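Colleague:
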Amino acid sequence: MSRNNAGLSAERIITEALRIIDGQGLRRLTMRRLGDALEVEAMAIYHHFPLGKEQLFEALVAYISDVSRGASGGDGDEAQESTEDDGEGADDSSWDRRLRDWAMDYRRALLDHAQALPLFIHRRPDTEAALRTRELHYAAFAEAGLSGADVVQAAAALDSYVTGAVIHEVRANGLPAREPAAIDGRFPHAAALNGVELDPERRFTDGLDALLGSLRP
743 MSRNNAGLSA ERIITEALRI IDGQGLRRLT MRRLGDALEV EAMAIYHHFP
793 LGKEQLFEAL VAYISDVSRG ASGGDGDEAQ ESTEDDGEGA DDSSWDRRLR
843 DWAMDYRRAL LDHAQALPLF IHRRPDTEAA LRTRELHYAA FAEAGLSGAD
893 VVQAAAALDS YVTGAVIHEV RANGLPAREP AAIDGRFPHA AALNGVELDP
943 ERRFTDGLDA LLGSLRP
């Protein structure tokens, strides 16, 4: 196996780490396995992430949550330059359309990397990508007519809805309980609606539209 470090970058490390997580699960990600996949010594990864796996995890969260990167088709600095250069055009749509587009993109990113969802729970959203999202949310809700704490509350509600909806969707397709409870007469409403299935995307968009509608002043 070649151990040539040429061409190794933080972005390449991140995308390969996500490939491992998506295919094998978060627990299977080790620096040695990542180095093998990249065809470099594991220590070469520390040149880009000197604090080790925890720093890599932070970068993975920032990468997944940066939906502006995916929308622009670029990466890193190129994506940021594209966002800055096209800032005026990006704001032409209505406030609710911008928020709806963000929510759809963020849902897709989280679903695409559902195995990495545990990384989001114990990390504060204080990356540059998170600040760009916060700015988008605050600007949109201010345009809608909200102000002060109402803007902050509305943004928190939107983020909570998207994250919660994704967790609900992933969990619904997860492993069943070893001894699932019987849906019987003790749960009449659950029994009556047992088997009723909703299209996940339709359920998400209907809930999103209802939420955004309720947040209008």
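In my numbering, each residue carries its 1-based index in the sequence shown increased by 742.
We put the CB at the ideal spot given by N, CA and C, even for glycine.
Computed from a prediction, not measured in an experiment: that's the story for all the values here.
#1: Residues in its own chain within less than 8 Å of P959 by CB, not counting five upstream and five downstream?
#2: Look up F791 in the DSSP assignment and say whether it is helix, strand or coil.
#3: Count the other CB atoms within 10 Å of the CB of T875; is the residue buried (16 or more) or exposed (fewer)?
#4: Would you tell me roughly how many angstroms separate the C-alpha atoms of T869 and R928, rounded to the nearest one?
#5: Buried or exposed for S807, please, with buried defined as at least 16 other CB atoms from any protein chain shown within 10 angstroms of its CB.
#6: Report yes if the C-beta distance between V782 and L852 is below 8 Å; otherwise report no.
#7: Within 10 Å of its beta-carbon, does L798 have 16 or more other beta-carbons around it, so buried, or fewer, so exposed?
#8: Exposed or buried, R849, counting other C-beta atoms within 10 Å across all chains shown (16 or more means buried)?
#9: At which residue ranges does the region 839 to 877 contain complete alpha helix (DSSP H) runs of 4 or more residues, listed in the order of the chain?
#10: Measure the C-alpha to C-alpha separation of D834 and S902 and round it to an integer number of angstroms.
#11: Rounded to the nearest angstrom, how far is the Cβ of L957 from that of A899, given a contact under 8 Å?
#12: Around the Cβ of V809, are there at least 16 other Cβ atoms within 10 angstroms (buried) or fewer (exposed)?
#13: Is it buried or exposed for G964, if we count other Cβ within 10 angstroms and need 16 for buried?
#14: At the level of alpha carbons, what is the spacing between T905 and D948?
#15: When DSSP labels each residue in this structure, what does P918 get in the three-state scheme?
Modeller: Straight from the coordinates:
#1: Here residue 959 refers to the residue found at position 217 when the sequence shown is read from its first residue. Contacts found: A886, G887, L888 and D892.
#2: Here residue 791 refers to the residue found at position 49 of the sequence shown. Here F791 sits in coil by DSSP.
#3: By one-based count along the sequence shown, residue 875 stands at place 133. Answer is buried; the Cβ neighbour count reaches 16.
#4: As a working note, residue 869 is residue 127 in the sequence shown. As a working note, residue 928 is residue 186 in the sequence shown. If I take the Cα positions, the gap works out to 47 Å.
#5: Counted from its first residue, the sequence shown places residue 807 at position 65. S807 should be labelled buried.
#6: Here residue 782 refers to the residue found at position 40 of the sequence shown. Here residue 852 refers to the residue found at position 110 of the sequence shown. No, Cβ-Cβ distance for V782 and L852 is not below 8 Å.
#7: Here residue 798 is taken as the residue at index 56 of the sequence shown, counted from 1. So L798 ends up on the buried side.
#8: Here residue 849 corresponds to residue number 107 of the sequence shown, with the count starting at 1. Counting Cβ neighbours within 10 Å, R849 comes out buried, since at least 16 surround it.
#9: 860 to 863
#10: In the sequence shown, counting from the first residue as 1, residue 834 sits at position 92. In the sequence shown, counting from the first residue as 1, residue 902 sits at position 160. So the alpha carbons of these two residues sit roughly 26 Å apart.
#11: To locate residue 957, count along the sequence shown from 1; it is residue 215. To locate residue 899, count along the sequence shown from 1; it is residue 157. 7 Å between Cβ atoms; contact.
#12: On the sequence shown, residue 809 is found 67 positions in, with the first residue counted as 1. It counts as buried.
#13: Beyond the ends of the chain as shown, which are 743 and 959, falls residue 964; an answer cannot be given.
#14: Here residue 905 is taken as the residue at index 163 of the sequence shown, counted from 1. Here residue 948 is taken as the residue at index 206 of the sequence shown, counted from 1. Straight-line Cα distance between these residues: approximately 15 Å.
#15: Position 176 of the sequence shown, counting from 1, holds the residue named residue 918. Correct three-state label for P918: coil.
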